[in-house]
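In our numbering, the protein residues as written are 5 to 282.
Worksheet: the structure to be examined is printed underneath.
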């Protein structure tokens with residue numbers, strides 16, 4: 005068995021049932037499209053402290069579903085670091101392992117979607133003032149610098165995707181390995197079916213911490229989500245998520261100033277709390 009195959013086997017064993025890890029900056033700021041249709045309008049964010057511009061490639065901006073690959077790779081690298089091994093920027097993993105952990109299924113369509121995600125992660129261009137391991141990126145970069153699909157021949161003569169090789173951008177690599185800018189994520193994150201649910205989970209996971217509650221105005225939340233929705237429509241979607249009560253470990257409520265009968269969306273406050281502390 006060659007070295008690459010041994011590496012695939014190692015990661016297949018190491019990731020099943022292990023804790024997921026996400027990059028804190030990627031959880032806090034709007035780097036990914038929430039739309040399933042290709043988004044070709046750039047994402048821009050500037051709060052006076054942090055500047056972000058995310059520009060699309062040919063297939064649009066990388067989506068929050070594409071981000072699953074980065075979460076998976078971050079988790080693999082973190083697992084190596086916890087075993088005292090410093091990984092390189094290039095890492096290889098079994099395609100079927102990723103698909104199973106991410107709850108994607110293993111149909112031919114799932115493999116094609118995985119390939120599309122790699123395209124978008126490579127072609128999306130990010131410019132940001134967020135430093136990584138003390139170094140501020142002054143140029144545009146993609147989430148991954150390169151990717152490669154390793155295929156094997158089956159007995160029936162068909163080739164199947166066996167392994168994925170990904171080379172992270174230097175910015176991502178420094179954040180994970182040098183700065184250790186990671187947070188644990190519940191594996192049920194991959195079970196969240198709505199892009200908005202996923203984005204809200206990321207934000208509350210990053211901002212709530214050990215506080216009793218985290219409150220944010222609806223307009224400010226819209227900026228951090230990175231949505232193109234009107235505030236009225238965003239409020240309606242949040243009300244539905246409140247009804248579903250579907251955020252992992254957390255509860256969300258929408259509050260309005262007392263004494264106001266018809267509250268404009270800009271005056272709404274969104275309050276998050278720990279589910280087990282309510």
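No residue lacks a Cβ here, since even glycine has one placed at the ideal position from N, Cα and C.
- Taking all protein chains in view, the Cβ of residue 89 is surrounded by fewer than 16 other Cβ atoms within 10 Å, so the residue is classified as exposed.
- Residue 78: not part of any beta strand (DSSP E); member of the alpha helix (DSSP H) spanning 71-86, first to last residue.
- By the criterion of a C-beta distance shorter than 6 angstroms, residue 72 is surrounded in its chain by 106, once the five residues flanking it on both sides are discounted.
- Bounds of any alpha helix (DSSP H) do not take in residue 188; it lies within the beta strand (DSSP E) bounded by 186-189.
- Per DSSP, residue 218 is one residue of the beta strand (DSSP E) stretching across 217-221.
- Residue 106: not part of any beta strand (DSSP E); DSSP gives it neither H nor E.
- Shown here for residue 193: same chain residues with a beta carbon closer than 7 angstroms to its own, the five before and five after excluded, namely 24, 202, 205 and 252 in chain order.
- By the Cβ criterion, the segment 99-113 is not in contact with the segment 27-39, since fewer than three pairs of Cβ atoms, one from each stretch, lie closer than 8 angstroms.
- Restricting attention to 147, 191 and 173, the CA atom closest to the CA of residue 79 is found in 191.
- If you compare the alpha carbons of 65, 223, 113 and 266 with that of residue 129, the shortest gap goes to 65.
- Per DSSP, the unbroken beta strand (DSSP E) holding residue 24 starts and ends at 24-27.
- If you look at residue 245, you'll find it in the alpha helix (DSSP H) that goes 235-248.
- Bounds of the beta strand (DSSP E) holding residue 258 are 254-259.
- Inter-residue distance for residue 257 and residue 279 is about 12 angstroms (C-alpha atoms, whole angstroms).
- Taken through DSSP and simplified to helix, strand or coil, residue 44 comes out as coil.
- Annotation: residue 197 to residue 236 spans about 22 angstroms, alpha carbon to alpha carbon.
- In the DSSP assignment, no residue is bridged to residue 120.
- As the crow flies, the alpha-carbon of residue 239 is around 19 angstroms from that of residue 217.
- In this chain, the alpha helix (DSSP H) harbouring residue 208 covers 199-211.
- If you look at residue 96, you'll find it in the beta strand (DSSP E) that goes 94-98.
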